[in-house]
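Chemist: In our numbering, the protein residues as written are -9 to 344.
Before I ask anything, let me first share the structure, which is written out below as structure tokens.
What follows is the structure, encoded as structure tokens:
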């Protein structure tokens, strides 16, 4: 049995399609780590010390090779102006959300002003909720985890601002408003990623939930999102060449994922709706795959035995001397039992020992 050389070595082997000492794991957790420690997200949203302690505890308990501080994902919108501040709903025990869409016409798009995430006075909420949480985690962790920052990809970023239904309608009409918004959200995604990395994140972690094939075809993706994604990746790589590029999409994605290596993506986080055997056939050895344990049916509502069975089957489908990272198909649910999330590591650690 090979010596375990640590978290980052396991991930590097997976990304490079090299056999490692074990199959790496991403617990894909955020709010679940806070709930597991007996808190609600309100407690950790702007408390970097509590955020760090909750996430370190959870990463150790679940055997994760990645770690992410408590990042209330939509805090990124709090400092945006269009031209006034974006109105947000801020629950105690869940993520913030935008109160309605904020861009309806080209005039709104012209007024849309993004902050510079490197200038704290322009973005006090983002600085406190993201930058300080990442910095504190980087300073306090005692293992060589890869640290995930976070931002929405340009297409989904635009969807939050326009409203997903309105964005789809615009694509059906002429797409001009969406194109105008994407030109701005591309810059914001790149700036946010670079700021997270500057604060201490070691991987680019970007989510694009509304870009999957349940909503748009791979051809539409190529027309509207591909170039913007590539520009964000190029910007991050110019800033930190050694940062692995991880990208998540929701829904069925077997066709769209074929495009991603040409955009510079190294690892694709695959939703439960895409079978991993099909995903591996689509990606070949050009793209590592992460996923796709059912977050609800298995991690939230299942048993450790069900998790182990599903993870074992997933590894058999996607692992090719590397090239695969065990993870949920989307974020682990807030109330998922700890023992179910731990079982992902149990199954992964057994695979190369059998």
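Idealized CB from N, CA, C, for every residue including glycine.
Fair warning: this is a prediction, and the values are worked out from it, not measured in the lab.
Taking the alpha helix (DSSP H) that residue 206 falls in, what are its first and last residues?
Modeler: Residue 206 -> no alpha helix (DSSP H), and no H or E assigned at all.
Chemist: Under the three-state reduction of DSSP, which class applies to residue 178: helix, strand or coil?
Modeler: DSSP places residue 178 in helix when its eight states are reduced to three.
Chemist: Considering only their Cβ atoms, is the gap separating residue 5 from residue 257 smaller than 9 Å?
Modeler: Contact flag set, yes.
Chemist: Compute the Euclidean distance between the alpha carbons of residue 147 and residue -4, then round it to the nearest angstrom.
Modeler: Straight-line Cα distance between these residues: approximately 34 Å.
Chemist: Please state whether the Cβ-Cβ distance between residue 52 and residue 17 is less than 9 Å.
Modeler: Taking 9 Å as the Cβ cut-off, residue 52 and residue 17 qualify as a contacting pair.
Chemist: So what's residue 64 in DSSP terms, helix, strand or just coil?
Modeler: The answer is helix: DSSP assigns residue 64 an H, G or I state.
Chemist: What are the partner residues of residue 142, as DSSP defines its beta bridges?
Modeler: For residue 142, which the question treats as bridged, DSSP gives the partners 197.
Chemist: Please list the terminal residues of the continuous alpha helix (DSSP H) segment that includes residue 159.
Modeler: Element bounds for residue 159: 154 to 163.
Chemist: Tell me which residues share the same chain as residue 220 and place their Cβ nearer than 7 Å to its Cβ, disregarding the 5 neighbours each side in the sequence.
Modeler: If we look at residue 220 and ignore the five residues flanking it on each side, its Cβ neighbours are 253 and 254.
Chemist: Using DSSP bridges, identify the partner residues of residue 187.
Modeler: DSSP output for residue 187 lists no bridge partner at all.
Chemist: When burial is assigned at 16 or more other CB atoms within 10 Å of the CB, is residue 162 buried or exposed?
Modeler: Exposed: under 16 other Cβ atoms inside 10 Å.
Chemist: Starting from residue 70, follow the beta strand (DSSP E) in both directions and report where the run begins and ends.
Modeler: From DSSP, residue 70 is part of no beta strand (DSSP E); its letter is neither H nor E.
Chemist: Based on Cα-Cα distance, which residue from 233, 246, 56 and 338 lies nearest to residue 283?
Modeler: Considering only alpha carbons, the answer is 338.
Chemist: Which stretch, first to last residue, makes up the alpha helix (DSSP H) that contains residue 127?
Modeler: Its alpha helix (DSSP H) spans residues 122 to 130.
Chemist: What span of residues does the beta strand (DSSP E) with residue 258 cover, start to end?
Modeler: Element bounds for residue 258: 257 to 260.
Chemist: Could you check the C-alpha separation between residue 250 and residue 277 for me, to the nearest Å?
Modeler: For residue 250 and residue 277, the distance between alpha carbons rounds to 8 Å.
Chemist: What are the partner residues of residue 103, as DSSP defines its beta bridges?
Modeler: Answer by DSSP bridge pairing, in chain order: 71.
Chemist: So, at 7 Å on beta carbons, what are the nonlocal neighbours of residue 289 in its own chain, with the 5 sequence-adjacent residues on each side left out?
Modeler: Here the set comprises 283, 297, 318, 322, 323, 326, 330 and 331.
Chemist: Assess contact between the segment 155 to 169 and the segment 67 to 78, defined as three or more Cβ pairs (one per stretch) separated by less than 8 Å. Is contact present?
Modeler: Result no; under three Cβ-Cβ pairs closer than 8 Å.
Chemist: Going by beta carbon distance, what residues of the same chain come within less than 8 Å of residue 309, once the five residues before and after it are set aside?
Modeler: Correct list, in chain order: 13 and 341.
Chemist: Among all the DSSP beta bridges, which residues are the ones paired with residue 318?
Modeler: Looking at the DSSP assignment, residue 318 forms a beta bridge with 283.
Chemist: Please confirm if the segment 177 to 197 is in contact with the segment 121 to 138, defined as three or more CB-CB distances below 8 Å between the two stretches.
Modeler: Short answer: they touch.
Chemist: What are the boundary residues of the beta strand (DSSP E) that residue 219 is part of?
Modeler: Looking at the DSSP string, residue 219 is not in any beta strand (DSSP E); the run it does join, the alpha helix (DSSP H), is 216 to 229.
Chemist: With H, G and I counted as helix, E and B as strand and the rest as coil, what does DSSP make of residue 238?
Modeler: The answer is strand: DSSP assigns residue 238 an E or B state.
Chemist: Just to confirm the assignment, what range does the alpha helix (DSSP H) spanning residue 307 have?
Modeler: 294 to 308 is the span of the alpha helix (DSSP H), which, as asked, contains residue 307.
Chemist: Closest to residue 23 by CA distance: which of 294, 111 and 56 is it?
Modeler: Of the listed residues, the one whose Cα sits closest to residue 23 is 56.
Chemist: Please classify residue 259 as buried or exposed, where buried requires at least 16 neighbouring CB atoms within 10 angstroms.
Modeler: Classification for residue 259: buried.
Chemist: Looking at the secondary structure, which residues open and close the alpha helix (DSSP H) in which residue 341 lies?
Modeler: From DSSP, the alpha helix (DSSP H) with residue 341 extends over 328 to 341.
Chemist: Compute the Euclidean distance between the alpha carbons of residue 316 and residue 97, then round it to the nearest angstrom.
Modeler: The straight-line gap from Cα to Cα measures roughly 45 Å.
Chemist: What first and last residue would you give for the alpha helix (DSSP H) that runs through residue 44?
Modeler: Unbroken alpha helix (DSSP H) run through residue 44: 38 to 52.
Chemist: What does the Cβ neighbour count give for residue 174, buried or exposed, with the cut at 16 atoms within 10 Å?
Modeler: Its Cβ being crowded by 16 or more others within 10 Å, residue 174 is buried.
Chemist: Which of helix, strand or coil does DSSP assign to residue 18?
Modeler: Coil, per DSSP.
Chemist: Mind reading off the beta-carbon distance from residue 9 to residue 312? Whole number of angstroms is fine, and I expect it under 8 Å.
Modeler: Sure, about 6 Å apart at Cβ, within 8 Å.
Chemist: If distances are taken between C-alpha atoms only, which option among 181, 166, 43 and 176 comes closest to residue 108?
Modeler: It is 181.
Chemist: Let's test the definition: count the other Cβ atoms within 10 Å of the Cβ of residue 35 and tell me whether it reaches 16, buried, or not, exposed.
Modeler: Buried.
Chemist: Report the residue from -2, 264, 50 and 61 whose alpha carbon sits nearest the alpha carbon of residue 142.
Modeler: Measuring from the Cα of residue 142, the nearest candidate turns out to be 61.
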